[in-house]
Amino acid sequence: MKLTLVALLPFLAGALAAPMNDGKKHEESKPTPGKGKFVHSFPFDFTSMAMGWAGPDQVINNSQVAVPGLPAGYGEFQFGLNSEQNVLCYNISVYVKGNYSSPAVTATHIHEAVRGRAGPPRIAFPNPVSTTGAPLSEFSWRRSVGCLTGPFTTGVLANGSDTGTNFTVAKLESNIEGFFADTHTVEFPAGAIRGQLYAKK
Ligand SMILES: *[C@@H]1O[C@H](CO)[C@@H](O)[C@H](O)[C@H]1NC(C)=O
Ligand SMILES: *[C@@H]1O[C@H](CO)[C@@H](O)[C@H](O)[C@H]1NC(C)=O
Ligand SMILES: *[C@@H]1O[C@H](CO)[C@@H](O)[C@H](O)[C@H]1NC(C)=O
Ligand SMILES: *[C@@H]1O[C@H](CO)[C@@H](O)[C@H](O)[C@H]1NC(C)=O
Ligand SMILES: *[C@@H]1O[C@H](CO)[C@@H](O)[C@H](O)[C@H]1NC(C)=O
């Protein structure tokens with residue numbers, strides 16, 4: 001076993017150092033003026049990272065009233081943004097119970113509103129699924145991982161248009177703290193957990 005590993009190491013190191021298989025050396029992405037450098041997170045290039053810690057204490061209903069969320073619920077919403085290509089990658093882990101419920105196409109969203117305010121959903125993510133196979137009625141870690149490319153739709157209409165219309169990853173990037181992430185359940189329609197987003201340096 002040891003011998004096999006030792007024999008493999010130079011090969012692995014060579015593979016990692018090798019150029020992309022287009023035969024040319026992979027060209028370094030140039031930073032966009034004013035936007036800073038890309039974060040290379042192979043195989044993706046992100047222009048920013050954002051995240052939010054979600055709990056039951058930040059939920060605001062559509063009348064702009066603070067209401068309790070799911071006690072002991074919490075979640076970690078992690079996002080990689082590529083504002084140039086309008087791509088948003090997400091890694092969402094929530095610890096909740098209850099079935100999802102929302103008028104949107106899914107019940108897990110980024111909404112546009114500052115802390116203490118409610119606002120329309122701009123992106124709907126596939127709902128996190130239990131990592132242990134626990135039933136929806138029980139607390140468990142649930143996860144949703146992937147990427148979405150705009151244009152975005154939420155299935156929620158406001159003033160006759162889908163609330164995802166004209167939303168772009170660039171708009172999120174330019175005002176990350178003006179957005180929050182949440183997930184809604186039957187018991188907590190205003191949000192079981194909510195977390196304001198912030199730029200991760
Ligand atoms: C928000 O919560 C308040 C207080 O519980 C309630 O009176 C109001 O009807 C709620 N609004 C919505 C849209 O659910
Ligand atoms: C998603 O985030 C969790 C928690 O930080 C991490 O353990 C997991 O490896 C991540 N998944 C992916 C696909 O990056
Ligand atoms: C959860 O809700 C969806 C619709 O939102 C429904 O189709 C499904 O049957 C529900 N599951 C349970 C276990 O209640
Ligand atoms: C709907 O239109 C009103 C009036 O122009 C505006 O204040 C409100 O923000 C709009 N709602 C959404 C969700 O865009
Ligand atoms: C979307 O943008 C177009 C072009 O600027 C504008 O005409 C339209 O009113 C916008 N729609 C919404 C819902 O913001």
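Just so we're aligned, residue 1 is where the sequence shown starts under the UniProt record's numbering, counting upward by one.
From the three backbone atoms N, C-alpha and C, an ideal C-beta is built for every residue, glycine too.
If I follow the unbroken beta strand (DSSP E) through residue i, where does it start and stop?
| i | result |
| --- | --- |
| residue 112 | 108-112 |
| residue 41 | 39-41 |
| residue 48 | 48-54 |
| residue 194 | 193-196 |
| residue 125 | 121-125 |
Residues bridged to residue i by DSSP?
| i | result |
| --- | --- |
| residue 91 | 78 and 145 |
| residue 70 | Residue 70 pairs with nothing; no bridge assigned. |
| residue 96 | 140 |
| residue 200 | 49 |
| residue 181 | 110 and 195 |
Near residue i, what residues of its chain come up, given a Cβ to Cβ distance below 7 Å and the 5 sequence neighbours on each side ignored?
| i | result |
| --- | --- |
| residue 80 | 41, 44, 46, 49 and 89 |
| residue 196 | 52, 58, 115, 177 and 180 |
How is the alpha helix (DSSP H) around residue i delimited, first residue to last?
| i | result |
| --- | --- |
| residue 169 | 169-174 |
Taking buried to mean at least 16 other C-beta atoms within 10 Å of its own C-beta, is residue i buried or exposed?
| i | result |
| --- | --- |
| residue 114 | exposed |
| residue 159 | exposed |
| residue 129 | exposed |
| residue 161 | exposed |
| residue 164 | buried |
| residue 57 | exposed |
Thinking just about the alpha-carbon of each residue, which of the options is nearest to the one in residue i?
| i | options | result |
| --- | --- | --- |
| residue 156 | 39, 104 and 56 | 104 |
| residue 189 | 39, 118, 84 and 93 | 118 |
| residue 54 | 122, 139, 192 and 121 | 192 |
| residue 82 | 183, 201, 173 and 195 | 173 |
| residue 106 | 195, 153, 133 and 141 | 153 |
| residue 95 | 151, 131 and 180 | 131 |
| residue 145 | 97, 116, 194 and 76 | 76 |
| residue 166 | 74, 120 and 72 | 120 |
Tell me which residues share the same chain as residue i and place their Cβ nearer than 8 Å to its Cβ, disregarding the 5 neighbours each side in the sequence.
| i | result |
| --- | --- |
| residue 178 | 112, 113 and 114 |
| residue 198 | 50, 51, 52, 176 and 177 |
| residue 141 | 93, 94, 95, 130, 131 and 132 |
Can you list, in chain order, the residues of its chain with a C-beta nearer than 6 Å to that of residue i? Leave out the 5 residues immediately preceding and following it.
| i | result |
| --- | --- |
| residue 136 | 99 |
| residue 203 | The shown model of the chain, from 1 to 201, leaves out residue 203, and the question about it has no answer. |
| residue 24 | Any reading at residue 24 must be qualified, since the residue scores a pLDDT of 42, below 50, and its modelled position is unreliable; no value is offered. |
If you measure from the CB of residue i, is any heavy atom of ligand 7 nearer than 6 Å?
| i | result |
| --- | --- |
| residue 102 | In terms of ligand content, the structure shown lacks ligand 7 and carries ligand 1, ligand 2, ligand 3, ligand 4 and ligand 5 instead. |
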